[in-house]
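Notes for the one structure printed next.
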Amino acid sequence: MIAHAATILIAAFLLFIVQPLIGRYILPWYGGTPAVWTVALLFFQAALLAGYGYAHLLGKLKPKLQAIIHGALVLAGLAFLPIIPDAEFRPAGGDPAIEILWLLTRTIGVPFIALAATSPLMQSWLAGEQQSPRIYKLYALSNVGSLVALLAYPFALEPWVGRNAQAWAWSIGYGTFALASVLAAVRRAGRAPAPEAVVDAAEPVGAARRILWFALGGCGVWLLMAVTNEMSINIAPTPFLWVLPLGLYLLSFIVAFGSESATRRKWMIPALLGSFVLFPVAASSVGHIPIVLRICLFAAALFMACLCVHGELYRLRPAPARLTGFYLSIAGGGAVGGAFVGVAAPHLFPMYWEFEIGQMLSMLAVLGALAVDKSSRLYRFRPRLGWAVIVLLLLAWADQQATTLRRELRDTLDSRRSFFGVSRITEKDGLRTLVHGTIRHGEQFQDERRLLPTTYFAPTSGIGQTLSSMTGPKRVGVVGLGIGTLAAYGHAGDEFRFYELDPDVEELAREHFSYLRDTPATVLVLIGDGRLLLEGEPPQGYDLLALDAFSSDAVPVHLLTLEAFEAYEVHLRPDGLIAVNVTNQNLDLMPVIVAAARAKGWHWKRVISEEDKATGALEAHWMILAPTPAAVARLPEGEMDPATRELPPWTDDFSNLFRILK
27 MIAHAATILI
37 AAFLLFIVQP
47 LIGRYILPWY
57 GGTPAVWTVA
67 LLFFQAALLA
77 GYGYAHLLGK
87 LKPKLQAIIH
97 GALVLAGLAF
107 LPIIPDAEFR
117 PAGGDPAIEI
127 LWLLTRTIGV
137 PFIALAATSP
147 LMQSWLAGEQ
157 QSPRIYKLYA
167 LSNVGSLVAL
177 LAYPFALEPW
187 VGRNAQAWAW
197 SIGYGTFALA
207 SVLAAVRRAG
217 RAPAPEAVVD
227 AAEPVGAARR
237 ILWFALGGCG
247 VWLLMAVTNE
257 MSINIAPTPF
267 LWVLPLGLYL
277 LSFIVAFGSE
287 SATRRKWMIP
297 ALLGSFVLFP
307 VAASSVGHIP
317 IVLRICLFAA
327 ALFMACLCVH
337 GELYRLRPAP
347 ARLTGFYLSI
357 AGGGAVGGAF
367 VGVAAPHLFP
377 MYWEFEIGQM
387 LSMLAVLGAL
397 AVDKSSRLYR
407 FRPRLGWAVI
417 VLLLLAWADQ
427 QATTLRRELR
437 DTLDSRRSFF
447 GVSRITEKDG
457 LRTLVHGTIR
467 HGEQFQDERR
477 LLPTTYFAPT
487 SGIGQTLSSM
497 TGPKRVGVVG
507 LGIGTLAAYG
517 HAGDEFRFYE
527 LDPDVEELAR
537 EHFSYLRDTP
547 ATVLVLIGDG
557 RLLLEGEPPQ
567 GYDLLALDAF
577 SSDAVPVHLL
587 TLEAFEAYEV
597 HLRPDGLIAV
607 NVTNQNLDLM
617 PVIVAAARAK
627 GWHWKRVISE
637 EDKATGALEA
647 HWMILAPTPA
657 AVARLPEGEM
667 DPATRELPPW
677 TDDFSNLFRI
687 LK
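Per my numbering, the sequence shown starts with residue 27, numbered consecutively.
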């Protein structure tokens with residue numbers, strides 16, 4: 027049993043550490059958008075289902091045939107090493123979700139399935155030898171290995187080791203796993219088939235129970251992906267905020283499957299109801315409470331809900347002889363829940379309602395578990411009164427959600443949801459606003475002041491001063507369209523080229539705002555990731571390249587690396603400038619910009635402007651960079667080469683968001 031347990035631990039560790047690792051490779055290719063991780067989670071759930079299904083079917087064969095097939099699958103995974111995605115998988119302009127799923131399938135599909143099958147397969151092999159309830163402890167053990175991997179990645183690997191070195195280390199680890207698996211398979215080949223009587227004597231499983239396995243498994247993954255989505259959008263799409271929810275999800279499995287006493291219903295049902303309160307507080311508190319507290323609220327809501335759901339799963343577990351079918355049902359529900367959140371929801375819902383719906387489904391699934399459990403108090407004592415109370419609570423929750431929705435939509439003129447997030451147009455007191463997620467991405471007056479640049483682009487801002495100081499026809503590149511506010515600085519003969527990731531943003535900017543059509547300058551909007559577009563076109567000779575993609579907390583790290591600034595430099599005139607909007611409530615981006623500038627031998631100026639409600643100006647922090655001090659010094663205001671704490675420059679291989687948290 028010890029050898030099997032060690033193999034399960036290695037497989038679980040590799041299975042979960044590869045997830046944030048491969049995510050780091052593909053995130054920059056899709057503009058750093060949080061949905062990348064959501065789609066990746068969908069792939070991982072689908073591959074987990076494939077692994078569990080494979081283990082379930084394999085268990086029906088003779089031991090020798092099982093050993094041969096599994097050994098062949100594990101060895102086939104070696105052909106995919108090292109797991110570094112080729113450049114051929116960069117976006118080709120198709121559906122991002124389909125492209126990401128195909129990339130992951132081609133890159134890590136076979137090794138991932140081999141790893142995913144290990145825990146249920148090894149447990150089924152042991153169950154054939156010893157019919158003991160302790161077999162389920164190995165499931166908790168596998169989750170311990172997974173949790174260790176998730177904790178190790180953001181704290182022990184990502185801050186210190188480059189991603190290519192991580193990929194090679196993982197590949198070596200897979201080789202070790204392959205050796206252990208082949209040895210286990212050889213041992214299995216020498217075993218006699220399990221007696222049929224063992225399986226036949228196992229307690230039969232009814233349809234209601236299987237449906238609950240599926241539903242409860244699906245609810246857990248639904249909640250996991252919904253919270254990950256919200257945290258990535260409202261905080262940052264980083265490996266740490268990917269692995270934190272996933273780690274809590276696994277921890278809930280460890281606690282639930284480790285001890286039934288830890289998930290007593292007298293605590294778990296109130297905990298699930300408590301998550302109904304914590305999540306909306308965390309999701310609606312952007313800018314009102316510290317980022318760490320918001321993370322804790324999201325985490326607590328997810329953990330309490332998952333612990334309740336997984337506690338019911340453990341109570342419904344079958345005899346060890348039927349464990350592969352049990353795990354297969356859980357994984358099947360997880361894959362369906364993941365597919366709904368990752369693929370269907372963006373097309374069905376105009377806003378992020380997944381967690382609220384997941385809470386409702388979780389409560390219904392838990393109620394279903396109570397309904398079939400004769401030991402539950404709801405079943406034994408006054409069930410009608412209990413059901414009435416629960417229905418009233420659910421109705422009160424639904425009314426609260428409806429009230430919140432009405433408040434959100436009260437001033438909304440238009441709303442779009444795509445792979446890249448939710449964009450809304452609101453109007454209040456003659457001021458029309460584009461809101462992406464929870465962040466304002468542009469505002470325009472609807473009266474005679476409509477030509478006035480507002481928010482972070484007001485005339486007093488760093489970018490406003492820079493553009494106003496330029497004489498003669500100017501050529502300007504802007505990464506991040508917003509509502510096209512910077513076009514207000516254009517004159518006849520000028521050319522403004524905007525690089526925008528989300529096609530919905532361009533449509534909304536043209537339909538609901540007039541900056542792009544009012545300007546006498548020539549305007550061109552290019553759709554795609556700004557860095558990839560710049561790297562794929564000839565030098566543009568910009569007088570100014572403005573980067574406005576960092577005002578939200580979901581910062582696209584790949585736009586701040588040394589390689590990114592090298593790409594920007596290619597498109598500048600010899601005396602050209604780079605302007606970076608570093609206004610951010612929770613992240614201190616200035617040291618990152620300064621580190622890149624120092625590495626390039628450039629000079630910089632910081633320009634801070636104050637809020638002015640009369641003109642629609644917001645407090646704005648801009649960094650202006652140039653190869654020569656003279657180019658920066660000619661700007662009218664700002665602090666030349668301001669001091670800041672020193673950091674190593676970020677690269678495509680290495681970055682660390684922890685060090686710039688405010």
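Cβ atoms here follow ideal geometry from the backbone N, Cα and C, with glycine treated the same way. None of the values given here were measured: they were computed from a predicted structure.
The way I'd put it, the stretch 202-215 doesn't touch the stretch 47-55; fewer than three beta-carbon pairs between them come closer than 8 Å. With respect to Trp196, Leu47 sits close: the two C-beta atoms are nearer than 8 Å.
Following the DSSP letters along the chain, one finds Glu526 inside the beta strand (DSSP E) bounded by residues Glu521 to Glu526. The three-state secondary structure of Lys639, taken from DSSP, is coil. Pro529 and Leu512 have their C-alpha atoms spaced approximately 18 Å apart.
The beta carbons of Ser681 and Val583 sit about 5 Å from each other, so the pair counts as a contact at 8 Å. Counting C-beta pairs closer than 8 Å gives fewer than three between the stretch 178-190 and the stretch 122-136, which falls short of the contact rule. In the DSSP assignment, Trp293 falls within the alpha helix (DSSP H) that extends over Arg291 to Ala309. Considering only Phe39, Leu457, Thr481 and Ala428, the residue with the shortest C-alpha distance to Gln472 is Leu457. Of Arg523, Ile686, Gly510 and Thr492, the smallest CA-CA separation from Val502 is found for Arg523. For secondary structure counted as the alpha helix (DSSP H) over 4 or more consecutive residues, the stretch 61-109 holds these complete runs in sequence order: 61-84 and 89-102.
Under the three-pair Cβ rule at 8 Å, the stretch 465-484 counts as touching the stretch 641-656. For the pair of segments examined, the stretch 162-174 was found not to touch the stretch 78-91: the number of CB pairs separated by less than 8 Å stays below three. Of the other Cβ atoms in all chains shown, fewer than 16 fall within 10 Å of the Cβ of Gly498; this residue is therefore exposed.
Counting C-beta pairs with one atom in each stretch, the stretch 266-283 and the stretch 325-342 have three or more that are closer than 8 Å, which means they touch. Per DSSP, Leu585 is not a residue of any beta strand (DSSP E), being assigned neither H nor E. The straight-line gap separating the alpha-carbon atoms of Pro344 and Leu687 is approximately 47 Å. Contact check between the stretch 350-370 and the stretch 59-76: three or more CB pairs, one atom from each, fall below 8 Å, which counts as touching. At a Cβ-Cβ threshold of 8 Å, Leu534 and Asp440 count as neighbours.
Sequence-distant partners of Val620 (beyond 5 residues in either direction) whose C-beta falls short of 6 Å from its own C-beta, in its chain, are Thr670. Per the C-alpha coordinates, the member of Gln71, Ala140 and Leu91 positioned closest to Ala102 is Ala140. Counting the other CB atoms within 10 Å of its CB gives Val606 a total of 16 or more, which places it among the buried residues.
With contacts defined by Cβ atoms closer than 8 Å, Leu558 and Val549 do not form a contacting pair. DSSP places Phe115 in the helix class (H, G or I) of the three-state scheme. The Cβ neighbour count for Gln192, taken over all protein chains shown within 10 Å, is at least 16; the residue is labelled buried. Counting only residues of its own chain and dropping the five nearest sequence neighbours on each side, Glu380 has a CB closer than 6 Å to the CB of Ala252, Val367 and Ala371. The alpha-carbon of Gly508 is positioned some 8 Å away from that of Glu532.
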